[in-house]
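In this text, residue positions in the sequence shown follow this note's numbering: the first is 137, and each later residue adds one. Glycine included, C-beta positions come from ideal geometry on N, C-alpha and C. Treat the numbers as computed from the prediction; the structure is a model and nothing was measured.
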Amino acid sequence: MNDNKLNQLLTFIIYALTLCLICLIIYNAFLLFNGDYFSSNPPRNSIKVGPISIDCLKTSCI
């Protein structure tokens, strides 16, 4: 009897985790198809760097 209840509990946990996984896959697919998954703006802590000049390559640029 105890083994049967443990088996039912584990089966319920596996079904619940499978359902959560399917929901997350559908949610990520919706974000990918909607275009909101990737950010078009760079992160705030990034540094914008300009082109490297020839003078900078000849010297150490430090």
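Margin query: Quick check: the Cα distance between Leu157 and Leu145, rounded to an integer number of angstroms?
Written below: 18 Å
Item checked: For Ile149, three-class secondary structure by DSSP -> helix
Notebook entry, point to check: Would a check of beta-carbon distances place Tyr163 closer than 8 Å to chain C?
Noted result: No chain C appears in the structure shown, which is made up of a single protein chain.
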